[in-house]
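> In the working numbering, the protein residues as written are 24 to 306. Mind having a look at this structure? Questions to follow.
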C-alpha cells in the first residue's frame with residue numbers, strides 16, 4: 024500500500040501544483056472570469072485518466088492468460104520508462120515550472136477560451152495518464168487486492184489537500200528536496216515494477232528463463248506472511264525471482280540512482296534571477 028500511496032502522492036502533487044500555479048496566476052492578474060475554462064480542462068483530464076485506468080483494468084480481464092501477461096509486461100516497461108523520464112524531468116525543471124506555465128497561459132489567454140481548456144487539459148492530463156498507467160501496473164505487481172488502490176487513492180487525496188494548503192499559503196516545504204527523495208523512492212518502486220513486467224513476459228513466453236531461479240527464500244520469507252506482504256507491497260519484492268528478473272532489476276536500479284544523484288546531487292545550484300515583482304519589492 025505504501026508504494027502506491029507514494030505514487031499517488033508524488034504524481035498527484037505535481038498535478039496539484041500545476042493547477043495551483045494556473046489558478047493563482049489568473050487570480051493575481053485579475054482574470055477570475057477565465058477560471059471556468061481552466062477547471063473544464065482539469066475536469067476533462069481527470070475524467071480521461073479515470074477512463075484510461077478503467078479500460079486497463081476491465082479490458083485486460085477479457086484477454087487470455089498469455090495475452091494478459093504480455094499486456095501487463097509491456098505496459099509495465101512503458102510505465103517504468105515514463106516514470107523514469109518524469110522523475111528526471113521534474114527534478115531538472117521544477118524551479119522553472121512556474122515561469123513556463125505562466126508563458127503558456129499568457130499565450131492561451133490571447134488565443135481564447137478553447138486554448139485555455141486545452142492548456143489546462145495538457146498540463147494535468149499528462150500527469151493523470153502517467154499516474155493511471157503506473158498505478159495499474161503497480162497494482163498488478165503487488166497482487167494485494169484493493170489495498171494498492173486504497174493506498175493510491177489516499178495518496179491522491181493527500182496531494183489535493185497539500186495543493187490547497189500551498190495555494191492558501193498555509194504550508195511551505197522544500198519542494199526541491201521533496202521531489203529529490205520521492206523521486207529516488209519512485210525509482211526503487213519502478214525497479215520492482217520492471218522486474219515484475221519481465222516475469223510477466225516470461226510467463227507469456229515472450230522471454231525465456233522462466234524456471235531459472237536466481238534464489239528461492241520462500242521458506243524464510245513466505246509470500247503470505249505479513250512481512251512478505253509488506254516487502255511485496257513496498258518494494259515489489261519476490262522471494263523466488265528468476266535470474267533475468269534480478270539482472271534487469273540491478274541493471275535498471277543501480278545506474279539510474281547513480282545518475283540521478285550524481286548528476287543532480289553534485290552540481291551547485293545556479294543563482295536564479297529575481298522576477299519583476301521581487302525586484303520592485305527589493306527596491
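The beta-carbon is built from N, C-alpha and C at its ideal position, and this holds for glycine as well.
Please report how far the alpha carbon of residue 133 lies from the alpha carbon of residue 139, in whole angstroms.
Here residue 133 is taken as the residue at index 110 of the chain shown, counted from 1. Here residue 139 is taken as the residue at index 116 of the chain shown, counted from 1. Going from the Cα of residue 133 to the Cα of residue 139 covers about 9 Å.
> Do residue 26 and residue 227 have their C-beta atoms closer together than 8 Å?
For the purposes of this step, residue 26 is taken as the residue at position 3 of the chain shown. For the purposes of this step, residue 227 is taken as the residue at position 204 of the chain shown. Contact flag unset, no.
> With the cut-off set at 8 Å, would you say residue 148 and residue 71 are in Cβ contact?
The count along the chain shown starts at 1 and reaches residue 148 at position 125. The count along the chain shown starts at 1 and reaches residue 71 at position 48. In contact: residue 148 and residue 71 (Cβ atoms closer than 8 Å).
> What do you get for residue 41, buried or exposed, if any count of 16 or more other CB atoms within 10 angstroms of its CB means buried?
For this step, residue 41 is matched to residue 18 along the chain shown. Of the other Cβ atoms in all chains shown, 16 or more fall within 10 Å of the Cβ of residue 41; this residue is therefore buried.
> Could you tell me the distance, in whole angstroms, from the CA atom of residue 260 to the CA atom of residue 250?
Numbered from 1 along the chain shown, position 237 holds the residue referred to as residue 260. Numbered from 1 along the chain shown, position 227 holds the residue referred to as residue 250. Rounded to whole angstroms, residue 260 to residue 250 spans 10 Å at the Cα level.
> Buried or exposed: which applies to residue 122, given that a residue is buried once 16 or more other Cβ atoms fall within 10 Å of its Cβ?
As a working note, residue 122 is residue 99 in the chain shown. Exposed is the call here.
> According to DSSP, which residues form a beta bridge with residue 236?
Working through the chain shown from its first residue, we reach residue 236 at position 213. DSSP output for residue 236 lists 265 as bridge partner(s).
> Within 10 angstroms of its Cβ, does residue 306 collect 16 or more other Cβ (buried), or is it exposed?
The residue you call residue 306 lines up with position 283 of the chain shown. Per-residue confidence for residue 306 stands at a pLDDT of 38, beneath the threshold of 50, marking its modelled position as unreliable; the derived number appears in the next sentence. Exposed is the call here.
> In whole angstroms, give me the CA-to-CA distance for residue 87 and residue 162.
Reading the chain shown from its first residue, position 64 is the one you call residue 87. Reading the chain shown from its first residue, position 139 is the one you call residue 162. Each residue's Cα considered, the two are about 19 Å apart.
> Alpha carbon to alpha carbon, how far is residue 254 from residue 212?
Taking the first residue of the chain shown as 1, we reach residue 254 at position 231. Taking the first residue of the chain shown as 1, we reach residue 212 at position 189. Answer to the nearest angstrom: the Cα atoms are 11 Å apart.
> Output needed for residue 183: all residues of its chain with C-beta closer than 8 Å, excluding positions within five of it in sequence on either side, in chain order.
In the chain shown, residue 183 corresponds to position 160, counting from 1. The answer, listed in chain order, is 35, 39.
> Taking 8 Å as the limit between beta carbons, can you name the residues of its chain near residue 141, skipping five residues before and five after?
Locating residue 141 in the chain shown gives position 118, counting from the first residue. Hits under 8 Å: 64, 131.
> DSSP on residue 227, reduced to helix/strand/coil?
On the chain shown, residue 227 is found 204 positions in, with the first residue counted as 1. Of the three classes helix, strand and coil, the one that applies to residue 227 here is coil, per DSSP.
> Within the same chain, show all residues whose beta-carbon is closer than 8 Å to that of residue 44, passing over the 5 residues directly before and after it, in chain order.
Here the question's residue 44 lines up with position 21 in the chain shown. Result list for residue 44: 120, 121, 124, 125, in chain order.
> Using only the alpha-carbon positions, how far apart do residue 74 and residue 155 sit?
In the chain shown, the residue the question calls residue 74 occupies position 51. In the chain shown, the residue the question calls residue 155 occupies position 132. Each residue's Cα considered, the two are about 9 Å apart.
> For residue 54, which residues in the same chain have their Cβ closer than 6 Å to its Cβ, ignoring the five residues on either side in sequence?
Translated into the one-based positions of the chain shown, residue 54 becomes position 31. For residue 54, there are no CB contacts under 6 Å within the same chain when 5 residues up- and downstream are skipped.
> Would you check if the distance between the CB atom of residue 220 and the CB atom of residue 82 is smaller than 8 Å?
For the purposes of this step, residue 220 is identified with residue 197 of the chain shown, where counting begins at 1. For the purposes of this step, residue 82 is identified with residue 59 of the chain shown, where counting begins at 1. No, the pair does not count as a contact, with Cβ atoms beyond the cut-off.
> In this structure, how does DSSP classify residue 201 when only helix, strand and coil are distinguished?
Residue numbering aside, residue 201 sits at position 178 when the chain shown is read from its first letter. Correct three-state label for residue 201: helix.
> From residue 100 to residue 225, what distance separates their C-alpha atoms?
Against the chain shown, residue 100 aligns to sequence position 77. Against the chain shown, residue 225 aligns to sequence position 202. Whole-angstrom Cα-Cα distance: 13 Å.
> Can you tell which of 90, 190, 216 has the C-alpha that lies nearest to the C-alpha of residue 30?
As a working note, residue 30 is residue 7 in the chain shown. Nearest of 90, 190, 216 to residue 30, Cα basis: 216.
> Of all the options 192, 222, 209, which has the alpha carbon lying nearest to the alpha carbon of residue 270?
Walking along the chain shown from the start, residue 270 turns up at place 247. Selected option, being the one with the closest Cα: 222.
> Taking the continuous alpha helix (DSSP H) assigned at residue 107, which residues delimit it?
As a working mapping, residue 107 is identified with position 84 in the chain shown. Counting along the chain, the alpha helix (DSSP H) containing residue 107 begins and ends at 88–116.
> The alpha helix (DSSP H) with residue 244 in it runs from where to where?
Locating residue 244 in the chain shown gives position 221, counting from the first residue. That residue, residue 244, is in no alpha helix (DSSP H); it is neither H nor E in DSSP.
> Classify residue 137: buried if its beta carbon has 16 or more other beta carbons within 10 angstroms, exposed otherwise.
Position 114 of the chain shown, counted from the start, is the residue given in the question as residue 137. Classification for residue 137: exposed.
> Looking at residue 264 and residue 218, is the spacing between their C-beta atoms short of 8 Å?
Position 195 of the chain shown, counted from the start, is the residue given in the question as residue 218. Position 241 of the chain shown, counted from the start, is the residue given in the question as residue 264. Yes.
> Would you call the CB atoms of residue 283 and residue 174 closer than 8 Å?
Position 260 of the chain shown, counted from the start, is the residue given in the question as residue 283. Position 151 of the chain shown, counted from the start, is the residue given in the question as residue 174. For residue 283 and residue 174, no; Cβs fall outside 8 Å.
> How big is the Cα-Cα spacing for residue 164 and residue 246?
Taking the chain shown and counting its residues from 1, the one referred to as residue 164 is at position 141. Taking the chain shown and counting its residues from 1, the one referred to as residue 246 is at position 223. One C-alpha to the other measures close to 13 Å.
> Label residue 272 either buried or exposed according to how many other C-beta atoms from any shown protein chain fall within 10 Å of its C-beta, with 16 as the threshold for buried.
As a first step, residue 272 must be located in the chain shown, where it is residue number 249. Buried.
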